[in-house]
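Numbered according to UniProt numbering, the sequence shown spans residues 1 to 442. See below for the structure under consideration.
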Amino acid sequence: MAARWVLHLDMDAFFAASEQLTRPTLRDRPVLVGGLGPRAVVAGASYQARVFGARSAMPMGQARRLCPHAVVLPARFTLYKELSSRVMGVLADASPVLEPVSIDEAFLEPPALAGASAAEMERFCARLRADVRAATGLPASVGAGSGKQLAKIASELAKPDGLRVVAPDEEREVLAPLPVRSLWGVGPVAEAGLHKLGVRTIGELAAMDLREIHGLLGTAIGTELHRLARGVDERPVAPRGAAKQVSAETTFDTDLTAMAAVHEAVARMAEAAHRRLVESGRAARTVTVKVRSADFTTASRSETTGIASTDLGALTAVAQRLARSAVPEGGVRLIGVSLAGLTDDPPPALFEPLAPVSDAPVPAPVEAGEPMQPDEEPAVERPWRPGDDVAHPEHGHGWVQGAGHGRVTVRFETRTTGPGKARTLKADDPDLTRADPLASLA
Numbered sequence: 001m002a003a004r005w006v007l008h009l010d011m012d013a014f015f016a017a018s019e020q021l022t023r024p025t026l027r028d029r030p031v032l033v034g035g036l037g038p039r040a041v042v043a044g045a046s047y048q049a050r051v052f053g054a055r056s057a058m059p060m061g062q063a064r065r066l067c068p069h070a071v072v073l074p075a076r077f078t079l080y081k082e083l084s085s086r087v088m089g090v091l092a093d094a095s096p097v098l099e100p101v102s103i104d105e106a107f108l109e110p111p112a113l114a115g116a117s118a119a120e121m122e123r124f125c126a127r128l129r130a131d132v133r134a135a136t137g138l139p140a141s142v143g144a145g146s147g148k149q150l151a152k153i154a155s156e157l158a159k160p161d162g163l164r165v166v167a168p169d170e171e172r173e174v175l176a177p178l179p180v181r182s183l184w185g186v187g188p189v190a191e192a193g194l195h196k197l198g199v200r201t202i203g204e205l206a207a208m209d210l211r212e213i214h215g216l217l218g219t220a221i222g223t224e225l226h227r228l229a230r231g232v233d234e235r236p237v238a239p240r241g242a243a244k245q246v247s248a249e250t251t252f253d254t255d256l257t258a259m260a261a262v263h264e265a266v267a268r269m270a271e272a273a274h275r276r277l278v279e280s281g282r283a284a285r286t287v288t289v290k291v292r293s294a295d296f297t298t299a300s301r302s303e304t305t306g307i308a309s310t311d312l313g314a315l316t317a318v319a320q321r322l323a324r325s326a327v328p329e330g331g332v333r334l335i336g337v338s339l340a341g342l343t344d345d346p347p348p349a350l351f352e353p354l355a356p357v358s359d360a361p362v363p364a365p366v367e368a369g370e371p372m373q374p375d376e377e378p379a380v381e382r383p384w385r386p387g388d389d390v391a392h393p394e395h396g397h398g399w400v401q402g403a404g405h406g407r408v409t410v411r412f413e414t415r416t417t418g419p420g421k422a423r424t425l426k427a428d429d430p431d432l433t434r435a436d437p438l439a440s441l442a
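This is the structure:
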């Protein structure tokens with residue numbers, strides 16, 4: 001049987017690199033992508049920020065303390081989805097066997113390369129990286145090996161902006177010194193158990209007696225991990241099935257203490273989940289609302305009907321009604337809305353056609369001891385925030401660097417302009433308008 005080759009392509013620091021691409025002033029600077037609130041987390045960190053210890057999924061406050069001179073920007077998912085689409089288009093042209101893993105990574109198994117030499121694979125990977133850069137302007141790392149595990153490890157070894165091909169005769173040499181946590185399926189619990197046995201590397205795991213592994217991890221998981229540690233990985237590369245649900249959630253900077261604010265937040269989450277529902281071309285039968293209190297207690301409520309729909313008003317009304325019975329005493333820290341029971345070719349109606357709940361005060365939630373009080377002052381939306389895309393008839397496309405005291409500082413630049421000039425304008429300048437983030441790719 002011809003030797004199998006699996007490739008794994010991973011975009012390098014994708015969110016931050018996309019910001020640096022379209023905002024040339026930031027190309028050599030540390031960038032953090034995420035929220036600015038006290039509970040925000042890092043969605044992406046550039047390699048210049050990672051040098052200081054900042055990384056994805058870290059609390060934003062901690063990342064900013066580690067890298068105080070980093071530029072912090074809100075995520076622009078419209079931009080990331082467009083660039084991801086271009087990446088996946090290149091990969092689909094390169095291989096009919098493609099498995100996207102996330103917005104910025106995928107596995108490939110080109111049938112024509114079965115039995116190819118390591119040198120041929122290196123040339124293929126080099127062309128693939130060049131094609132991705134030509135289509136997007138972004139760097140990517142590519143790894144190749146005899147299975148998905150080796151390809152994934154190889155792409156990690158290639159980072160940043162490189163390629164690594166693991167030939168069959170060097171698999172054990174590459175795997176042996178790596179920590180056992182590098183293997184799929186080895187989480188904190190399994191890692192701790194293996195460490196107690198003195199097993200810290202993949203090579204040590206591969207050398208273990210299979211019966212001992214079964215005693216620690218069970219027969220199924222133990223057998224699979226032992227095979228992976230020895231470089232045996234027969235899992236196919238195949239397109240992933242459609243998602244079983246779409247959802248959106250947010251953690252608030254300060255706890256919500258008014259039902260009007262809760263209803264407004266539920267409406268925003270329902271709209272975000274609905275947008276993903278429509279993009280998927282499906283409809284939902286089940287609405288679920290998740291509410292987390294200030295003391296981290298989580299409650300959820302669901303409602304299902306036999307008829308699916310994409311009606312935003314009905315979905316929102318159901319979510320707001322469910323939220324009333326899920327809100328606990330005290331403040332609300334997090335709210336999430338998910339839509340499940342997804343079907344294709346949906347009829348229009350779901351539940352009874354109720355209007356979304358207004359911002360007027362409503363009765364106390366069922367589980368609350370006392371009614372939640374209305375906010376003392378209504379929230380005021382800031383006209384501009386750092387990272388906003390803007391347009392000006394004279395200066396072109398730009399992004400907000402800072403705002404306050406009736407003024408806004410804008411850096412006018414796009415991917416193709418090179419670093420642009422910063423100009424300070426009046427915040428209410430009628431010529432300054434909000435712009436599509438995709439215009440920064442121009």
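Built from N, CA and C at the ideal position, the CB exists for glycine as well.
Item                                                                                                           : Value
Pair within 9 Å by beta-carbon distance, Thr286 and Thr298                                                     : no
Residue of Leu194, Trp184, Val246 minimising C-alpha distance to Leu228                                        : Trp184
Candidates Ala75, Val101, Arg76, Pro74: closest to Val87 by CA position                                        : Val101
Contiguous alpha helix (DSSP H) assignments of at least 4 residues, all confined to the region 32-116          : 47-50, 60-66, 77-94
Boundaries (first-last residue) of the beta strand (DSSP E) holding Glu303                                     : 298-309
Integer-rounded CB distance, given that Ser338 should sit under 8 Å from Ala273                                : 6 Å
Buried versus exposed call for Phe77 [16 or more other C-beta atoms within 10 Å across all chains shown]       : exposed
Residue nearest to Lys244 in terms of C-alpha spacing, selected from Thr343, Gly34, Asp93, Ala118              : Thr343
Glu234 classed as buried or exposed, judged by whether at least 16 other C-beta atoms fall within 10 angstroms : exposed
Nearest residue (CA-CA) to Phe107, options Leu7, Arg321, Pro383, Pro437                                        : Leu7
Three-pair Cβ contact test at 8 Å for the region 380-400 versus the region 426-433                             : yes
6 Å Cβ shell around Val289 - same chain, five flanking residues per side excluded                              : Arg301, Ala319, Leu322, Ala323, Ala326, Val337
Euclidean distance between Cα positions of Asp359 and Glu264                                                   : Unreliable placement is indicated for Asp359, whose pLDDT of 42 sits below 50; the coordinate value is still reported in the next sentence. Computed Cα separation, rounded: 7 Å.
Tyr47 versus Ala57, Val166, Ala16, Gly35, residue with shortest Cα-Cα distance                                 : Ala16
Through-space distance from Ala314 to Gly331, alpha-carbon basis                                               : 26 Å
Arg65 versus Ala294 - alpha carbon distance                                                                    : 25 Å
Inside the region 118-180 only - alpha helix (DSSP H) runs reaching at least 4 residues                        : 118-136, 148-158, 171-175
At least 3 beta-carbon pairs within less than 8 Å: the region 129-140 vs the region 181-200                    : no
Val174 beta carbon less than 9 Å from that of Ala154                                                           : yes
Contact the region 395-406 vs the region 28-36: 3+ CB pairs below 8 Å                                          : no
Cα-Cα separation between Ala130 and Leu157, rounded to whole angstroms                                         : 19 Å
Residues bridged to Trp5 [DSSP beta-bridge criterion]                                                          : Paired residue(s): none; Trp5 is not in a bridge.
Beta-carbon spacing of Ser56, Gly37 below 9 Å                                                                  : no
Sequence-distant residues of the same chain with beta carbon closer than 6 Å to Leu73, five excluded per side  : Glu19, Val33, Gly387
7 Å CB neighbourhood of Gly402 in its chain, flanking five on each side removed                                : Pro386, Thr409
Endpoints, the alpha helix (DSSP H) within which Gly215 is located                                             : 210-217
Helix, strand or coil at Val199 [DSSP, three-state]                                                            : coil
Beta-carbon gap between Pro177 and Ile202 smaller than 9 Å                                                     : yes
Residue closest to Ser146, alpha-carbon to alpha-carbon, out of Leu194, Ile103, Pro236                         : Pro236
Which listed residue (Arg275, Leu312, Gly341, Ala220) has its alpha carbon closest to that of Gly306           : Gly341
Extent of the continuous beta strand (DSSP E) run through Gly336                                               : 332-340
Beta carbon of Trp384 nearer than 9 Å to that of Ala427                                                        : yes
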